[in-house]
């Protein structure tokens, strides 16, 4: 991911600013029961992606930000729930009863993006590349005297994908992360000890610290493997007749790969349903087996937002663990990790509390 200025700061600085605001929100309710952590994570994730695309971020209580999040939530709203073990949760997208709210959410999101693209065109400065839209305008200008392959409609579609899919999947993964941490406080403690040792108490965790925080990184990997925010890949179409493992697949067949089948494959993982970050570490504490972890899919159609999402997940997860101790409200609380699926798979409702360390 190319680094560029986002307003007056780098993308990493904007994410760290966002983490500070999340920490302030948690400080206000320290020790109290929290039942809406998903809302906090959604706000943070949307704001981070917004800064990457548009060059600035909002305060959490900003009305425009909340309206944007509402539009995204409308797009991802589902008619009821579906067990995470159920078939084809993506089909919820096409349920008639919910098409109206999806259309309205998409329309609002489209108008918001088009307004910002127009403003960027008016204020474009090639010597001050602030964000994704400016990068597009640079490429568009460079190709203006040639046969251009730049497509404004594709830019709009890409931004819609990043805001809608990127916000939901990253926020949901973070929501899962802290549910796993309160279920396995020993894992949380080991992450915190590693962060304290490698980073120290006086500063925030940076992306440059990642290579020294192998257990923390392995914990995030295990969270992604077991949570399976995306059970299936997006639909693809076979471009020709082919045969895979004896199965004939005719040309134009719609194909959706099962990501969860890889993450729970007993031939790859020992005790695949067990939560064990150590499976991603060797005796030297180096990361291993990462090629079998495919939460962003795999191949030439891998999620284009992978790099941004990985940066967000690492920085938010590690910095919040650095600042807070997360725990069950009641030690006797029994947590379910079955998950609830609409377009993505979210953790079933749970409560927790956060105490400053």
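Numbering (my numbering), first residue to last: -3 to 353.
Glycine included, every Cβ here is placed at the ideal spot set by N, Cα and C.
The ligand ADP heavy atom lying under 7 Å from the CB of residue i
i: residue 203; result: Although the ligand ADP was asked about, the structure shown includes no ligands whatsoever.
The beta strand (DSSP E) enclosing residue i, as first and last residue numbers
i: residue 349; result: 349 to 352
i: residue 8; result: Not the beta strand (DSSP E): residue 8 falls in the alpha helix (DSSP H), residues 7 to 24.
i: residue 358; result: Limits of the chain in this structure are -3 at one end and 353 at the other, which puts residue 358 out of reach.
C-beta atoms of residue i and residue j nearer than 8 Å
i: residue 119; j: residue 71; result: no
i: residue 235; j: residue 251; result: no
i: residue 304; j: residue 50; result: no
i: residue 108; j: residue 64; result: yes
i: residue 227; j: residue 160; result: no
i: residue 313; j: residue 173; result: yes
i: residue 190; j: residue 170; result: no
i: residue 162; j: residue 11; result: no
i: residue 166; j: residue 17; result: no
i: residue 292; j: residue 285; result: no
i: residue 56; j: residue 38; result: no
i: residue 320; j: residue 22; result: yes
i: residue 317; j: residue 187; result: yes
i: residue 315; j: residue 15; result: yes
i: residue 301; j: residue 200; result: no
i: residue 258; j: residue 290; result: yes
i: residue 205; j: residue 218; result: no
Chain-order list of residues whose beta-carbon lies under 8 Å from that of residue i (same chain, five-residue window excluded)
i: residue 82; result: A caution first: residue 82 carries a pLDDT of 36, below 50, which makes its placement in the model too unreliable to give a value.
i: residue 117; result: 133
i: residue 269; result: 222, 260
i: residue 183; result: 176, 177, 215, 271, 273
i: residue 245; result: 234, 237, 238, 239, 251
i: residue 4; result: Low confidence applies here, because residue 4 scores a pLDDT of 43, under 50, leaving its location unreliable and the question unanswered by this model.
i: residue 255; result: 224, 226, 227, 228, 229, 290, 291, 293
i: residue 151; result: 113, 129, 132
i: residue 149; result: none
Contacts around residue i, its chain only, beta-carbon distance under 6 Å, and the 5 residues preceding and following it disregarded
i: residue 288; result: 264
i: residue 168; result: 225, 340, 342
i: residue 348; result: 30, 178, 322
i: residue 331; result: 179, 346
i: residue 344; result: 332, 336
i: residue 9; result: none
i: residue 101; result: 67, 70, 71
i: residue 253; result: 229
i: residue 147; result: none
i: residue 281; result: 210
i: residue 98; result: 71
Residues that DSSP places opposite residue i in a beta bridge
i: residue 243; result: 240
i: residue 233; result: 250
i: residue 228; result: 254
i: residue 283; result: 277
i: residue 30; result: 348
First through last residue of the alpha helix (DSSP H) which encompasses residue i
i: residue 174; result: 148 to 179
i: residue 44; result: 33 to 50
i: residue 68; result: 59 to 72
i: residue 98; result: 95 to 119
i: residue 130; result: 128 to 138
i: residue 217; result: 210 to 223
Close beta carbons around residue i, own chain, < 7 Å, minus the five adjacent residues each side
i: residue 26; result: 350, 351, 352
i: residue 278; result: 284
i: residue 36; result: 18, 21
Cutoff 8 Å: residue i Cβ touching any chain B Cβ
i: residue 202; result: Looking for chain B here will not work: only one protein chain is present.
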